[in-house]
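Participant: Next up is a structure, given as structure tokens.
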Amino acid sequence: MNSQNIMFVILAVIMVLSSIATVATKSIIRAATYLLFVLLGTAGMYFLMGYTFLGAVQTMVYAGGIIVLYVFAILLTEGAKNDAVKSKVKDASWGLVLTLVGFLTFIGVLFKQNLFEHVAALGAPTEPAGAAAHNSIDEVGHFMLSTGDGGYLLPFEAVSVLLLACIVAGLLIARKR
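Mapping to the numbering used here: the sequence shown position 102 is 117, numbers consecutive.
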């Protein structure tokens, strides 16, 4: 087992455990922190595959997003003053049953697609002979800001409008309190 595989396993374990902790914790601040570890693990996966630009963007964008999530969590929950709602045993048992059904469905899909047989074949992406190893930053910038074929300006602006609407809605909710 080489160092790339070891690092992949470490990142995968961190991401899985942090994902479980994100859902299982009762504190919204802790959930946001665990989510940060999941997103940083995703950036680590990008770095591991050799996509340094994508890994850097993942780190910068989601680190800022988690900071905004901290601010909204503090504003909307008034810190730790709110008590957690205690669930009944009946509700917890239904949640457990639905979780098991979902997990078994997921495993069934994995077996049906024969994904377990191809796990060993996974590796870093390879380029065909004679092809450029990576797109340059100029090409990435051109595609991000062009409106022609292959351009991503319209989806980029649509996401920015969606984020602006989320910020305004969060401020309106916080102002009512």
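C-beta atoms are modelled at their ideal positions from N, C-alpha and C, and glycine is treated no differently. Here the structure is a predicted model, which means the values were calculated and not measured.
Would you call the CB atoms of Gly56 and Met16 closer than 8 Å?
Facilitator: Counted from its first residue, the sequence shown places residue 56 at position 41. Counted from its first residue, the sequence shown places residue 16 at position 1. Not a contact, by the Cβ cut-off of 8 Å.
Participant: How about Tyr77 and Ile44: are their beta carbons less than 8 Å apart?
Facilitator: Counting from 1 along the sequence shown, the entry for residue 77 is found at position 62. Counting from 1 along the sequence shown, the entry for residue 44 is found at position 29. Their beta carbons are not under 8 Å apart, which means Tyr77 does not touch Ile44 by this criterion.
Participant: Look at Phe87 and Gly185 and say whether their C-beta atoms are less than 8 Å apart.
Facilitator: Taking the sequence shown and counting its residues from 1, one reaches residue 87 at position 72. Taking the sequence shown and counting its residues from 1, one reaches residue 185 at position 170. Going by C-beta atoms, Phe87 is nearer than 8 Å to Gly185.
Participant: Going by CA-CA distance only, name the one from Ile122, Val83, Ile89 that's closest to Leu178.
Facilitator: Translated into positions along the sequence shown, residue 178 becomes position 163. Of the listed residues, the one whose Cα sits closest to Leu178 is Val83.
Participant: Over what stretch of residues does the alpha helix (DSSP H) that includes Met22 continue unbroken?
Facilitator: On the sequence shown, residue 22 is found 7 positions in, with the first residue counted as 1. Met22 -> alpha helix (DSSP H) spans 18 to 39.
Participant: What first and last residue would you give for the alpha helix (DSSP H) that runs through Asp164?
Facilitator: Mapped onto the sequence shown, residue 164 falls at position 149. It is not in any alpha helix (DSSP H) - Asp164 carries neither H nor E in the DSSP assignment.
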